Amino acid sequence: MRNKAVVLINLGTPKAPTTASVKEYLNVFLSDRRIIKMSPLLWQPILQTMILPHRPQRSAKLYQKIWRKDGSPLLTYAKRQQELLQERLPDFRVEIAMSYSEPRISQTFDKLLAAGYRDITIIPLYPQYSGTTVGSVYDEVQNYFLHTDKIVDLRFIHSFYQEEDYINYYADKIKAKLQQTPVDALLFSYHGVPVSYVKDGDPYPKECYDTTQRIMEKVGDVKYFQTFQSKFGPSEWLKPATDATLKGLPHRGYRKVMVIAPGFVADCLETLQELEVENKGYFMSHGGEEFVYLPPFNDDPKFADLLAKLVQE
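Structure, rendered in structure tokens:
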């Protein structure tokens, strides 16, 4: 019997594009102390009385715009990559889990341990490390085993932005797209985090900068910018901001841009809606002429090839 397993873990998604489902999802997500580093005594009243009564309805309308016939894009692509990785790793059992929606990390571990798996590789599907993503996954995995004797051999993949296959994937796609559609500049957009988290030691922005530099070393002499998106709340977040940058680029002579989001492995609300619709609108309404969005891996088998190498290294 095989006793080795791989668990692919991503953020999560509402069960459906409805206000009730989005509210349930956001309540779990925004209650994570890694996401909101504020005392629950202060934060929970704000969350329950000021955010959850209003934000889910607005977000549900956005989810409805990206929802597919087979469900949430994030979950659909995760399932497809699970299948592709399983084909490449016949001696492993491959499962998926989500931090804030089903299948939850605890549910997936329950299933694996009940089936006798005692050697498990954890791959958070975030190329760059941040305490808000990979750190949160690590906490939950460790907490699952805390004060129990259900101890197994665990291998935890911290980040994978430095992998050559990852860098080459984006560099090759960018160069191929530039041959089809020349642009004035590239814009790399990463999900932002509060500046205070970085001051506390989160290495995330450095890994984002390293990612961009590594990709551009292979792309060559093309003008590029790096920005951060998805700001939430009143605190200071990493800059420059994606939306403000895109509004200003046409006035600086960059009217044709290609936008890349290397921090995401699959399209989701932050790419399909925030980048490809909202930020495209900002750019075009401020004098932009052409906005090209380069999708992440999604269901590309090359991502499964990359994951298989990570497991077998």
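Under the working numbering, read the sequence shown as residues 3 to 315, first letter to last. By construction, the Cβ of each residue, glycine as well, lies at the ideal position given by its N, Cα and C atoms. These figures come from a predicted structure and were not determined experimentally.
- C-alpha of Ala80 to C-alpha of Val267: approximately 9 angstroms in a straight line.
- Counting C-beta pairs with one atom in each stretch, the region 200-214 and the region 145-158 have fewer than three that are closer than 8 angstroms, which means they do not touch.
- Under the three-state reduction of DSSP output, Asn300 falls in the coil class, being neither helix nor strand.
- In terms of Cβ geometry, Leu189 and Thr247 form a close pair [threshold 8 angstroms].
- Look at Asn281 here: in three-state DSSP terms it is helix.
- Runs of alpha helix (DSSP H) with 4 or more residues, each lying fully within the region 130-204, are found at 138-147, 166-182 and 197-201, listed in chain order.
- One Cα belongs to Gln231, the other to Gly194, and the distance between them is close to 5 angstroms.
- The beta-bridge partner set that DSSP reports for Ile125 consists of Leu10.
- Boundaries cannot be given for Gln275, as no alpha helix (DSSP H) includes it and DSSP labels it neither H nor E.
- Remark: C-beta atoms of Glu165 and Leu32 do not approach each other more closely than 8 angstroms.
- Taking the C-beta atoms as reference points, Gln130 is found nearer than 8 angstroms to Thr213.
- A direct Cα-Cα distance of roughly 29 angstroms separates Arg120 from Asp167.
- A buried status is given to Glu276, since no fewer than 16 other beta-carbon atoms sit within 10 Å of its beta-carbon.
- Leu13 is not a Cβ neighbour of Phe162, given a cutoff of 8 angstroms.
- Looking at the DSSP output, Gly73 shares a beta bridge with Arg70.
- Approximately 7 angstroms separates the beta-carbon atoms of Ile11 and Ile125; this is inside 8 angstroms, confirming the contact.
- Fewer than three pairs of CB atoms, one per stretch, sit closer than 8 angstroms, so the region 179-189 makes no contact with the region 128-145.
- Within the same chain, Pro303 and Ala306 come within 6 angstroms of Leu86 by CB-CB distance, once the 5 residues on both sides are set aside.
- Distance from the CA of Pro47 to the CA of Ile53, rounded to the nearest whole angstrom, comes to 9 angstroms.
- Under the three-state reduction of DSSP, Ile262 is assigned to strand.
- When secondary structure is reduced to three states using DSSP, Arg106 falls in the strand class.
- C-alpha of Glu219 to C-alpha of Phe227: approximately 14 angstroms in a straight line.
- With a contact defined as Cβ atoms closer than 8 angstroms, Met260 and Lys177 miss out at about 11 angstroms.
- Proximity to Ala62 across Lys71, Gln50 and Lys25 peaks at Lys25, based on C-alpha coordinates.
- Setting aside the 5 residues that flank it on each side, Pro75 is surrounded in the same chain by Ile68, Ala268, Asp269, Cys270 and Leu274, each with a C-beta closer than 7 angstroms to its C-beta; the list follows chain order.
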